[in-house]
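Undergrad: Handing you a structure now.
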Amino acid sequence: MSKDWNGLPDRCAPTRQPNSVSAAGVLSKEAMVDAYTKAVGFSPASMPYWVHAFADNILAAASAQATPAVPKLSVWYGSMPESNGKTNWTAILHKGDLVEGHTIDRSEYPDRVRYAADCVRYLIGELPERPWILDYDADKRSGCAAPSPAACEAGDEVAAKAVNLEGLRDKLLAPRAIARDENGWLWHPDYPVCDEGTRADRLLEAFGIETAFVGMESDSPDFAERWHEEGLTDCSEWTPTPPAGDGWLLLEIYDTEDGPYAMFGRDQYEAENARKRENTRRLRAALTEGQA
């Protein structure tokens with residue numbers, strides 16, 4: 034048998050025997066070393082160390098090829114409760130750690146989020162077929178059951194009344210008895226329920242109502258100091274002072290992080306006409322004084 038310049042045989046691959054194959058279909062290290070010993074004539078006691086190292090490397094490479102590939106990316110889909118009592122459904126693309134993952138979609142509509150999650154699952158190979166959007170109910174909300182036809186009709190009637198803001202200016206500015214609750218707070222029964230953060234001044238301006246806000250801290254500083262120091266919750270002692278001008282009506286008294294506030298409102302058109310009349314009166318007075 035010929036040998037190369039390194040003193041190694043030119044054929045060092047062991048002869049594969051049926052009884053030397055493991056259950057996984059890979060030659061064992063002992064079988065490889067035994068075959069090499071017979072091929073080169075070395076005794077086991079004088080076997081070079083590199084033969085064992087060579088066998089280890091071959092087995093490591095074969096084991097790596099035999100290990101099935103694990104997907105690096107995966108999609109998590111599930112519900113997450115919110116502080117407002119509702120449930121948001123979330124889909125996250127991750128590599129094993131949800132905290133480090135990327136949010137695909139989040140909504141109170143579970144099937145909308147599930148469709149987005151399944152689309153990504155298809156792209157990364159977790160689903161064999163592309164999802165069909167018509168298989169998902171885009172209108173289903175979390176925690177909501179499908180209403181009966183009678184409930185739908187009743188709900189439509191109530192909703193129509195709830196969202197009808199026709200005549201809101203007249204309702205809010207109509208004279209009424211001021212009835213504050215046991216802690217001094219005041220709410221107008223016709224003021225619409227709005228999302229948090231809605232600007233009341235801009236909302237009412239759209240209906241022709243000019244607004245003014247009076248804080249207890251500036252209007253009644255002594256009581257405001259007691260309010261904060263003693264942690265009071267009853268503001269009945271405070272009677273908000275109306276802003277300068279005519280036509281102001283007290284609409285609401287409510288609490289804020291800076292203490293109680295009062296909201297006054299008046300007819301914007303009447304107020305604008307009053308300002309114009311006042312400006313005209315002053316102009317005429319100035320002209321008359323100049324001519325005298």
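If you count by our numbering, then the sequence shown holds residues 34 to 325, one letter each, in order. The beta carbon of each residue, even a glycine, is placed where N, CA and C say it ideally should be. Bear in mind the structure is a predicted one, so any value in this text is a computation, not a measurement.
1. Which ranges does the alpha helix (DSSP H) cover as unbroken runs of at least 4 residues, wholly within the region 114-158, from first to last along the chain?
2. Can you name the start and end residues of the alpha helix (DSSP H) that arginine 310 belongs to?
3. For the alpha helix (DSSP H) holding alanine 233, just list the boundary residues, first then last.
4. Take serine 269 as the anchor and find which of Asp214, Tyr169 and Ala149 has the nearest alpha-carbon.
5. So is proline 180 buried or exposed if we call it buried at 16+ other beta carbons inside 10 Å?
6. Please decide whether threonine 274 counts as near chain C, where near means a Cβ-Cβ distance under 7 Å.
7. Could you check whether the region 247-264 touches the region 200-216, counting it as contact only if at least three pairs of C-beta atoms, one from each stretch, sit closer than 8 Å?
8. What are the start and end residues of the alpha helix (DSSP H) that includes glutamate 262?
9. Just the Cα atoms here: how many angstroms apart are aspartate 300 and glutamate 263?
10. From the DSSP output, in three-state form, read off glutamate 250 for me.
11. Since glutamate 285 sits in a beta bridge, which residues does DSSP pair it with?
TA: In terms of the structure at hand:
1. As far as the region 114-158 is concerned, its whole alpha helix (DSSP H) runs of at least 4 residues are 143-156.
2. Element bounds for arginine 310: 301-324.
3. Element bounds for alanine 233: 233-238.
4. Restricting attention to Asp214, Tyr169 and Ala149, the CA atom closest to the CA of serine 269 is found in Asp214.
5. Because proline 180 sits at a pLDDT of 46, beneath the cut-off of 50, its placement in the model cannot be relied upon, and the following sentence gives the value as read from the coordinates. Exposed is the label assigned to proline 180, since fewer than 16 other Cβ atoms lie within 10 Å of its Cβ.
6. Looking for chain C here will not work: only one protein chain is present.
7. Taking a contact to require three or more Cβ pairs closer than 8 Å, the region 247-264 and the region 200-216 do not qualify as touching.
8. Unbroken alpha helix (DSSP H) run through glutamate 262: 254-263.
9. Roughly 38 Å separates the two Cα atoms.
10. The three-state secondary structure of glutamate 250, taken from DSSP, is helix.
11. Met296.
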